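Here the structure is laid out as structure tokens; the discussion comes afterwards.
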């Protein structure tokens, strides 16, 4: 996949269903090792209990923003775009109860 993408593309290896530790097929160490070898970020998530789901998206968004910012700062013709297209990420209040949906429940 790396051969067909820009070198500044944000890529992340996501291990899912980390809540099912007892039936794990891939160890955390294997995931981290593969991610490191491929130059990827690594994170484990669980859609069931929402573990790290938002963090995974935030990680990718921040990396995309950083990559775009570096490109703009290195390009004299596009310097103005950085100030026009600002993105602000804010923390959500973890104490608020959010409605959870599951792709597998009916």
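In the working numbering, the protein residues as written are 6 to 111.
Even glycine gets a Cβ: it sits at the ideal position worked out from N, Cα and C.
Given the structure is predicted, the values throughout are model-derived calculations rather than measurements.
Separation of residue j from residue i, as counted between CA atoms
| i | j | result |
| --- | --- | --- |
| residue 60 | residue 19 | 11 angstroms |
| residue 94 | residue 68 | 12 angstroms |
| residue 39 | residue 79 | 31 angstroms |
| residue 27 | residue 74 | 42 angstroms |
| residue 36 | residue 56 | 17 angstroms |
| residue 34 | residue 65 | 21 angstroms |
| residue 77 | residue 15 | 16 angstroms |
| residue 83 | residue 70 | With a pLDDT of only 49 at residue 83, under the threshold of 50, the placement of this residue in the model should not be trusted, and no figure is reported. |
| residue 30 | residue 72 | 33 angstroms |
| residue 11 | residue 41 | 18 angstroms |
| residue 45 | residue 58 | 17 angstroms |
Where the alpha helix (DSSP H) containing residue i begins and where it ends
| i | result |
| --- | --- |
| residue 69 | 58 to 78 |
| residue 39 | 33 to 43 |
Buried or exposed by the 16-neighbour rule on C-beta atoms within 10 Å, applied to residue i
| i | result |
| --- | --- |
| residue 43 | exposed |
| residue 49 | buried |
Extent of the continuous beta strand (DSSP E) run through residue i
| i | result |
| --- | --- |
| residue 19 | 17 to 20 |
| residue 49 | 46 to 49 |
Nearest residue (CA-CA) to residue i, options the options
| i | options | result |
| --- | --- | --- |
| residue 51 | 28, 96, 23 and 97 | 23 |
| residue 96 | 45, 62 and 72 | 62 |
| residue 54 | 17, 21 and 11 | 21 |
| residue 17 | 47, 32, 29 and 11 | 47 |
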